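What follows is a single structure, written as structure tokens, with notes after it.
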Amino acid sequence: MKKKLLTLAVAVPVTAFSQVGINTTNPQGTFHVDGGKNNPSSGTPSVIQQSDDVVVTAAGFVGIGTISPSARLDINNGTTSGALKIADGTQGSGKVLTSDASGLATWQSIPAWALTGNSGTDATALNALGTKFIGTTDAHSFVIKTNNNLAGYIGTAASDNLALGVDAGKANTTGNLNVFLGNNAGSANTVGSSNVFVGSYSGTSNVGGNSNVLMGYNSGSSTTGDANTFLGTWAGNANTSGGYNAFVGYQAGVGNTTGVRNVAVGNLAGKAITTGSNNTFVGNGSDASANNLTNATAIGYGAVVSASNSLVLGGTGSLAVNVGIGTTSPASKLEIDGASTNKSAYNAGSSTTH
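Counting in our numbering, the sequence shown tops out at residue 1036, every number present.
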């Protein structure tokens, strides 16, 4: 008996400072259990061999399924799901593990918003400070993404912006009070404010233009000017620095670049104007014969004006029209019926035809 006690007393200080291996002669930490007894006698166990190991390092880190834990508890379950199980009788499907102030963890059920509608929402006015909402509680945008790509946002580092559509308003920095709806709508805008761009690629090149209303696919896609109103597919598509223009209709004012204060209403109306200003075109195909006219007006289907400071009513040839004043059925190029008006200016009968 004395011999056995002496042997133990000698053995204890020798093993207290060595690595301990269970089922392995090649421990990789202060304490190492090889559950599968499949580790090599020397060298580093493979990833597969480590999968059934438990290791405690000199730093006090515990590794399960790994021999080199990087945290106080490091669990590597490989490709198998469900690496950790905590059951205290309160666990349940859909519950989450939460902590109190002291760090005590418990399972809790948290309310979740459903796709089929939700109850218990705040019965308050839209401008009231409700406690149930979808959004953010800090000064950051509410961002919407699909496939990890920007699909829209509400609010920015500036204020009061709304963008919906892939890359809509994605470059905005300090611009505010903007609405961008459609793929790439206002995608280059950075400082422009008070703009409304609706339609894919509408205002896509605008950087600093303000107070523009662009509605329609590719409407004003090159615009950098201010206070333009373009309504229609490709309306004002080539406009760059031109401002205060109003183009309504398919490809209305499509060629304008730097012209200002032009009005074009009708499909393809005013498409020839590029640098001209203060022009008016009303009617499908109403246009100018030169791109730089000023204060020219063409009214009617196919009407074309060829000189500045001129007014043209109707087209020519098969598109020619009769003009009636005081009559609904003029039979001549200009027919004036003064029966119900002051006739002194004409010094003629009740009807005068020129």
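Beta carbons: idealized from backbone N, C-alpha and C, even for Gly.
In this text, all values refer to a predicted model and were calculated from it rather than measured experimentally.
Quiz item: Considering only C-alpha positions, which residue in the set Ala917, Ile704 and Asn921 is nearest to Lys719?
Solution: Ile704
Self-check item: Contact under 7 Å by Cβ, Ile749 with Gln710
Solution: yes
Exercise. Please name the residue or residues paired with Gly703 in a DSSP beta bridge.
Key: His714
Practice problem: Would you list the residues sitting across from Trp916 in a DSSP beta bridge? | Solution: DSSP lists no partner for Trp916.
Quiz item: If you compare alpha carbons, which of Arg943, Ala920, Trp916 and Asn921 is closest to Gln933?
Solution: Trp916
Practice problem: Thinking Ala850 and Asn830 are a contact (beta carbons under 8 Å), I'd like their distance in whole angstroms, please. | Solution: Not quite, the Cβ-Cβ distance comes to about 16 Å (not below 8 Å), so this is no contact.
Self-check item: Helix, strand or coil at Leu1001 according to DSSP, with G and I counted as helix
Solution: helix
Quiz prompt | Beta-carbon proximity of Gly907 to Gly885, cut-off 7 Å | solution = no
Practice problem: Please go through the same chain and pick out, in chain order, the residues whose beta-carbon is closer than 6 Å to the beta-carbon of Asn900, but skip the five residues on each side of it. | Solution: Tyr883, Trp916 and Asn919
Exercise. May I ask which residues mark the beginning and end of the alpha helix (DSSP H) holding Ile1038?
Key: Outside the shown range of the chain, which is 683 to 1036, sits residue 1038, and nothing can be said about it.
Quiz item: According to DSSP, what are the bridge partners of Lys827?
Solution: Leu832
Quiz item: Using the beta-carbon count (16 or more within 10 Å), is Ile1007 buried or exposed?
Solution: exposed
Quiz item: CB-CB under 6 Å to Val945, same chain, minus the five flanking residues each way: which ones, in chain order?
Solution: Ala928 and Thr962
Quiz item: What separation, rounded to the nearest whole angstrom, lies between the Cα atoms of Val676 and Leu993?
Solution: As shown, the chain starts at 683 and ends at 1036. That puts residue 676 outside it, with no answer to give.
Exercise. On the DSSP bridge assignment, give the partners of Thr911 in chain order.
Key: Val895 and Ala928
Quiz item: Would you call the CB atoms of Val1003 and Gly984 closer than 7 Å?
Solution: no
Practice problem: Taking all protein chains shown into account, decide if Ile955 is buried (16 or more other Cβ within 10 angstroms of its Cβ) or exposed. | Solution: buried
Exercise. Return yes when at least one heavy atom of the ligand NAD lies under 6 Å from the C-beta of Ala796, else no.
Key: In the structure shown, the ligand NAD is absent, as is every other ligand, since no ligand is present at all.
Quiz item: Is DSSP giving Gly881 helix, strand or coil here?
Solution: coil
Exercise. On the DSSP bridge assignment, give the partners of Ser781 in chain order.
Key: Ala787
Self-check item: Alpha-carbon spacing of Val715 relative to Ala765, whole angstroms
Solution: 18 Å
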